[in-house]
Structures are given as structure tokens and as C-alpha cells.
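Residue numbers (the numbering used here), protein chains in the order written: chain U, 65 to 401; chain Z, -19 to 130.
Ideal placement from N, C-alpha and C gives every residue a C-beta, glycine not left out.
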């Protein structure tokens, strides 16, 4: 049901199961033990980077389904996206899965975009069970957006490190311990940042816009949530979004964190300002935060995945970088399932 | 200062950015760049002393040796880490040029020898070659004009 300007509220959508797969750097990070599948090499035992990313995505989905004992034939729709041209990781994994497929792209916001779209389909009765999945890979993203992996260019401190991994969520109408209660679909916001090594600054206004709209649409205050977590604003964008929201009268300082700051240790090699990528918010949310909800550490969280919608061609044509953020609310039902 | 001032946003967010350590970065670039050049001089001396090269003819095998070493370091995944540390110090010498070609060739190996490696290996170095040739051509013309008319 539409509530306010941009928010959908759901009454009958439950998180059934989650699955995650990550590469070596994420496995060495502080959340390393939270993930279902970890690889000790960036190639994930495959011949090239693209195959590695696809393997991560397929691993996350097969783990997500097998944990709940659901066959892929029993899933009605697969909503997925990634960062590569023509979202090939998503489409090729859909070829393997043979589940009816909707491809989505919102750069790194795709994690919550896919979850919001899947939730609306379940809520609307168009699917009984849906899988939302995303992937990103450090080396495929470097090739897609930046330089060859082994190129010796110097990155500035505002740069982020693309998370190698994939996260999948199975949602449906069966009552479980976690309910998806609402989603706020973001607008594209562009405040003129042009530096592709500073995506945190470009995405912070989009995140602030979506978060403020979410509060206004539902007529709530930040205290409603035990945790408000942004996707990949990093050490640069996180303080900006907090200050932007304070100017709008919402103080999230006490309950805000950023997935990009949670997935790595600051002293890990080449982390720069933090993690980024579709998988950043996906693996932290599905691998770590869902577990904390299940354990009762949190009751209600707001996940705001942020995406920078530029391409290398647009940047070379001196265009600024538009950004978007989509928010999804995960809430404990109190039931023991 | 209002962060919501969209006109000044790009300027105001500078306060949130980590400070670029210009002096330290320049020092690192100077030391590593200098070390690479000194190493190159050592190779040139080696060719002159051990083999029968003159100072002029030793140049080519010296450059070839540096390129080979840089290509190997790129393949072993060392040169990109050196590049993050040294910046221009490892990008400007001929070893940086070799790294840009080798890294692109490695990156596109999965698309095949012709359309992958051969087509893409100069995608970063190509601009250096274009401007190198154009600059040499222009300087050559200026030199010719000076010698002819002055």
C-alpha cells in the first residue's frame, strides 16, 4: 500500500531465508564468520573474474534456498542485478536457475531495490515466494568502472573498495521471525559531484533525501529504529548524510552505521574510505544484521542502500554523477519460527 | 554554512575528505622514482662494464630490461601495490609505461588473444604514444626551421 509520497507498506511479506558468499578480503574482515560461503582466492576457483562473480551469486542463492529446504522450482520470481554491463551476473545466474526473472539496476542500491520490488510482488499476490539477489566483484568492478586490476595508479583516500561477494534473500508469505514492513523508493539526486573516486560525497544527498522522505511518509522519528544503516557511503559520506539530516531536523547520529565501514577493518590492505558495491549492503544485511534481528539484538532496522549511477563514458563527458538510495525496513515479529 | 546549498556542495564537502598528504606523497614519489632511475643506471653500467656497450648503445638493452622486470612485477601483483605507494614515482619512469600495457593485456586475456589482449593492451598507453609521436614531430619541425633559417 502506498503511504505518503514514496513509501510502500507491506502487511504480509516475511523474510524466509538468506544466503551470502564472499571473497578473501571480506572473509578476513570483522564479519568473516557471518558468511555462508567464503573463498580464499579472488578468482573463486574460476577462470576469470566474471565467472567468479557469477559463482558467488549462484552460491548465495543455492545456500539461501537449501537452508529453508525450498527447491528453485517453488520460487515464483527472481529479482536480481549487479554492476556489470547488461547486468550479466544476474542474467546468467537466471539462466542457471530457470526461475522467472526480472533484472534490475540501481548501481550499489540494487540490493534494496531488488528486495523492495520482490516484496511488492509478494505483497500484491503476484508471487508466493521470491528471491532477491545481488553480486559485485572487486576485479570486475575495477575493469567496468576504473583501471585494469594490476594497473599501478594511485587512489585517493576518498576512494572505496568494491566488495567481492553476493547476497540473496528468499521472501514469501509464510510467517517467520522477520517481517519486511515497508520500503521507500528513492529519487535520483545529483548535487554536482564529478569525481568517480568520491562516490560517498555524491551519494550522501540521495541517502539523506530517501531517509528524510521515509520519516515524513510514515510520520516517524529516527528513534523508531534500533539501527539505520546506509549501504556504502564510507567514512566520507557517512558524516555528510548525518549532517544533512540534522539540517532537516532528523538526528540519526546515535543509531546510524554504514555497511562500508562494517565489512572491513580499517587497517586491511587497500580499504581506503570503506567498502562499496551491491554486495556491500547485501552481505552485511543478509549475513550479519538479519542474524542480529533473529537474536533479538535489534527489533527494527532501516537499510538504506545507496547507488552512484554514473558510467565511465558519462564521467569522461564531464557529466556529474547522479545517485539514488532505496530503503527497506526489516522488523522482528516476535514469533519463534 | 548549509550543506543543503547545492551550488556550494562540492566545495563544502572538502571538509569531510581526508587530507591529501601532498608533501609525504611527493617524498615517496621522489624516493621511489629516484630509486627506479638509479637501478636503471646500475643496469646500464652493468651492460657497459660487463658487455661491450657504449654509453649510447647501452640505452636500449637497459630499457628492455626495466620493461621486462616491470612486466614480471605486474604479473606477480606487486606493481599495483608499488603504484599505490609511490604514485607518480612509479608511473612516470618507463616501468610505469610497461605496467600500463601489461596490466591491460592481463585484464583482457579472458576475451582472447586478438580481440582481448592485442586490442586492449594499448588502451592506457595509447595516449602516451600518440602524444609522444605528435610532440616529437612538432619539436622536429621547429628544429628543422631553426637550422634552415637561423
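- DSSP, reduced to helix, strand and coil, places residue 395 of chain U within a strand of the structure shown.
- Shown here, residue 197 of chain U sits in a strand according to DSSP, grouped into three states.
- About 11 Å separates the CB atoms of residue 252 of chain U and residue 269 of chain U; that is not less than 8 Å, and the two are not in contact.
- Taking 9 Å as the cut-off, the Cβ atoms of residue 77 of chain U and residue 243 of chain U count as close.
- Listed along chain Z, the residues sitting closer than 7 Å to residue 112 of chain U by beta-carbon distance are 90.
- The beta carbon of residue 220 of chain U falls within 9 Å of a beta carbon belonging to chain Z, placing the residue at that interface.
- If the five residues before and after residue 117 of chain U are omitted, its C-beta is found closer than 6 Å to the C-beta atoms of 153, 199, 201 and 204, all from its own chain and listed in chain order.
- Any Cβ of chain Z closer than 9 Å to the Cβ of residue 205 of chain U would place that residue at the interface, and such an atom is absent.
- Residue -3 of chain Z is not a Cβ neighbour of residue 379 of chain U, given a cutoff of 9 Å.
- For the stretch -7 to 6 of chain Z, the set of positions with a beta-carbon nearer than 7 Å to some beta-carbon of chain U reads -7, -4, -3, -2 and 0 in chain order.
- Taking a Cβ-Cβ cut-off of 9 Å, the neighbours of residue 308 of chain U in chain Z comprise -17 and -16, given in sequence order.
- Taking residue 60 of chain Z as the centre and dropping the five residues before and after it, the same chain places no C-beta closer than 6 Å to its C-beta.
- Listed along the chain, the chain U residues whose CB falls inside 8 Å of the CB of residue 54 of chain Z are 214 and 216.
- Here residue 115 of chain Z is exposed: its Cβ has fewer than 16 other Cβ atoms, across all protein chains shown, within 10 Å.
- In this structure the stretch 134 to 144 of chain U lies against the stretch 155 to 171 of chain U, because at least three pairs of beta carbons, one per stretch, are closer than 8 Å.
- In the three-state reduction of the DSSP assignment, residue 321 of chain U falls in the strand class.
- Distance between residue 354 of chain U and residue 345 of chain U, taken at the CA atoms: about 12 Å.
- In this structure, DSSP gives residue 113 of chain U a helical state, which the three-state scheme calls helix.
- Residue pairing of residue 243 of chain U in beta bridges, as defined by DSSP: U/78 and U/395.
- The C-beta of residue 99 of chain Z comes no closer than 9 Å to any C-beta of chain U.
- Put simply, the CB of residue 299 of chain U is near chain Z, with a gap under 9 Å to one of its CB atoms.
- As computed with DSSP, residue 66 of chain U is found in a beta bridge with U/72.
- Interface annotation, residue 258 of chain U: in contact with chain Z, CB-CB separation under 9 Å.
- As computed with DSSP, residue 166 of chain U is found in a beta bridge with U/143.
- Counting other Cβ atoms within 10 Å of its Cβ, residue 246 of chain U reaches 16 or more and is therefore classed as buried.
- Cβ proximity to chain Z below 7 Å picks out 308 and 311 from the stretch 308 to 328 of chain U.
- Apart from the 5 residues on each side of it in sequence, residue 83 of chain Z sits with its Cβ closer than 8 Å to the Cβ of 54, 59, 60 and 104 in its chain, given in chain order.
- Fully contained in the stretch 306 to 388 of chain U are the following alpha helix (DSSP H) runs of length 4 or more, in chain order: 323 to 326, 342 to 348, 354 to 358 and 376 to 380.
- Put simply, the backbone Cα of residue 108 of chain Z is about 27 Å away from that of residue 222 of chain U.
- Residue 79 of chain Z has a beta carbon lying within less than 9 Å of a beta carbon in chain U.
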